Every structure is written in C-alpha cells, then in structure tokens.
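A.B. asks: Quick one: the structure is below, and I'll ask about it shortly.
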Amino acid sequence: MIISQDGYIVTNNHVVEGADELTVTLNDNREFSAKIIGTDKQTDLALIKVNAKDLPAITIANSDDLKVGEWVLAVGNPYNLNNTVTAGIVSAKSRGLGASDNGIESFIQTDAAINPGNSGGALVNTRGELVGINAMLYSQTGSFTGYGFAIPTTIMNKVVADIKKYGSVQRVQLGIT
C-alpha cells in the first residue's frame with residue numbers, strides 16, 4: 001500500500017521477511033525495485049521504499065473512528081487474483097488472537113473476505129480511506145470462513161513514524177508480574 005507520493009509503502013512483515021530482493025508492481029504494470037526501510041515483527045508491519053515520485057498515495061484515516069457495523073472493503077491479491085475487492089462490516093475492534101509470541105494485537109475484525117494473498121492490502125472505509133492493513137484470517141480450512149483481521153492505522157502510523165525516525169519501533173515496557 002503506497003502511503004506517500006515519494007515511494008513509502010507499508011506491507012506486512014510476514015510478506016517481506018527473509019526476502020533478498022523486492023519488486024513492487026503497480027496497477028499500471030510499472031515495476032520498481034524496493035528496499036526494506038524497517039520491519040516490526042511484533043505488529044507484523046514493514047516499511048519499504050521505491051525510488052519514484054508522484055505515486056498515487058492512499059489517504060489515511062483514523063482507525064479509532066471506525067464503528068462496529070460500519071462497512072469496509074478489503075483490497076488485495078488473493079490466490080494471484082489481482083485487485084480483488086470484497087465488502088463486509090467491522091465485526092469487532094481491538095481483537096486479540098494470541099497469534100504471535102510477544103505480538104502486539106489490536107486487530108480490526110471484519111467479515112470482508114481476507115484470504116491468502118490479501119496480506120499487506122488495504123482495508124478501506126466507504127470513503128476509500130485506509131483504516132487498516134489486511135493481515136490474517138482465522139480459519140480451520142485455510143480459506144476465508146467469515147473472520148478476517150486487519151492492523152489499525154493508529155498502530156501503523158506509530159510504527160511508520162518510529163521506523164523513519166529511529167530505524168526501529170520505540171516501546172516502553174513495565175516489568176510487573
């Protein structure tokens with residue numbers, strides 16, 4: 001997902017993890033080599049950059065403004081079906097799944113279909129504004145069964161700002177048991 005006209009792109013960490021080379025292909029079939037600026041395994045986010053100008057950047061909304069029951073669209077490339085869009089509602093907010101060790105989870109849950117290949121794609125509101133990054137599905141079959149999850153833009157914004165400023169995500173930890 002292109003978040004700035006100068007080539008910054010947000011995706012999931014699990015999409016770029018272990019990659020030696022990255023190529024970004026736009027809807028108009030232009031291709032760019034990309035470099036990883038930083039990743040954050042705890043939120044499953046990655047910031048990458050292509051060397052380009054005047055790219056079509058998505059408008060970023062405040063995911064805190066989302067309401068349960070609000071319509072959203074999930075955009076991605078499931079099963080290599082480019083530019084697939086599915087619709088659904090926000091089923092829950094701040095959903096924790098225990099999906100990763102030491103992970104920071106506060107997912108937007110939606111019934112918009114999110115399948116393998118949607119990772120790193122946009123979850124947008126009815127105004128076309130980014131509210132989340134498609135991250136995972138919950139399924140006992142491996143395919144969509146009504147439970148998709150996206151990382152809210154409030155988390156994404158913090159991760160992106162920290163990676164740009166510090167090279168990694170800054171966190172505080174309180175050691176109480």
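Position 47 (the sequence shown) corresponds to 47 in the numbering used here; numbering is contiguous. Note that the Cβ used here is the ideal one computed from N, Cα and C, for glycine as well. Here the structure is a predicted model, which means the values were calculated and not measured.
#1: Rounded to the nearest angstrom, what separates P56 and I2 at their Cα positions?
#2: Identify which residue in A113, G18, V160 and P78 has its Cα closest to the Cα of K49.
#3: Decide if the stretch 4-14 is in contact with the stretch 36-49; the criterion is three or more beta carbon pairs, one per stretch, under 8 Å apart.
#4: Taking the alpha-carbon of I60 as reference, which of P152, L130, N83 and G69 has the nearest alpha-carbon?
#5: What do you reckon, are the CB atoms on T154 and D64 nearer than 7 Å?
#6: What separation, rounded to the nearest whole angstrom, lies between the Cα atoms of K35 and N118?
#7: How close, in whole Å, do the beta carbons of T86 and A113 come, if the pair is a contact with beta carbons under 8 Å?
#8: Roughly how many angstroms lie between the CA atoms of D6 and Y79, to the nearest whole one?
#9: To the nearest angstrom, how far is the alpha carbon of K53 from that of E21?
#10: In chain order, which beta strand (DSSP E) runs of at least 3 residues are fully inside the stretch 9-59?
#11: Going by the beta-carbon positions, is the gap between I151 and L47 smaller than 7 Å?
#12: Starting from the C-beta of G120, find all residues in its chain whose C-beta is less than 6 Å away, skip the five residues before and the five after it, and write them out in chain order.
#13: So, is Y8 buried or exposed, given that buried needs 16 or more other C-beta atoms within 10 angstroms?
C.D. replies: So, from the listed chains and residues:
#1: As a first step, residue 56 is located in the sequence shown; it is residue number 56 there, counting from the start. As a first step, residue 2 is located in the sequence shown; it is residue number 2 there, counting from the start. Cα to Cα, P56 sits roughly 7 Å from I2.
#2: Locating residue 49 in the sequence shown gives position 49, counting from the first residue. Check the Cα spacing between K49 and each of A113, G18, V160 and P78: the tightest is with V160.
#3: Yes, since at least three Cβ pairs between the stretch 4-14 and the stretch 36-49 fall closer than 8 Å, the two stretches touch.
#4: Residue 60 sits at position 60 when you count from the first residue of the sequence shown. Checking every option, the nearest Cα to that of I60 belongs to L130.
#5: Sequence index remark: in the sequence shown, residue 154 carries index 154 (1-based). Sequence index remark: in the sequence shown, residue 64 carries index 64 (1-based). T154 places its beta carbon less than 7 Å from that of D64.
#6: Translated into positions along the sequence shown, residue 35 becomes position 35. Translated into positions along the sequence shown, residue 118 becomes position 118. Whole-angstrom Cα-Cα distance: 21 Å.
#7: Within the sequence shown, numbered from 1, the residue matching residue 86 stands at position 86. Within the sequence shown, numbered from 1, the residue matching residue 113 stands at position 113. Contact between T86 and A113 holds, with the beta-carbon distance rounding to 4 Å and staying under 8 Å.
#8: Walking along the sequence shown from the start, residue 6 turns up at place 6. Walking along the sequence shown from the start, residue 79 turns up at place 79. Distance between the alpha carbons of D6 and Y79: 29 Å.
#9: As a first step, residue 53 is located in the sequence shown; it is residue number 53 there, counting from the start. As a first step, residue 21 is located in the sequence shown; it is residue number 21 there, counting from the start. In this model, K53 and E21 are separated by some 21 Å (Cα to Cα).
#10: Within the stretch 9-59, the complete beta strand (DSSP E) runs of at least 3 residues fall at 22-25, 31-40 and 45-50.
#11: Position 151 of the sequence shown, counting from 1, holds the residue named residue 151. Position 47 of the sequence shown, counting from 1, holds the residue named residue 47. In this structure, the beta-carbon distance from I151 to L47 does not fall below 7 Å.
#12: Looking up residue 120 in the sequence shown gives position 120. Cβ within range, chain order: T11, N12 and V15.
#13: Here the question's residue 8 lines up with position 8 in the sequence shown. Buried is the label assigned to Y8, since at least 16 other Cβ atoms lie within 10 Å of its Cβ.
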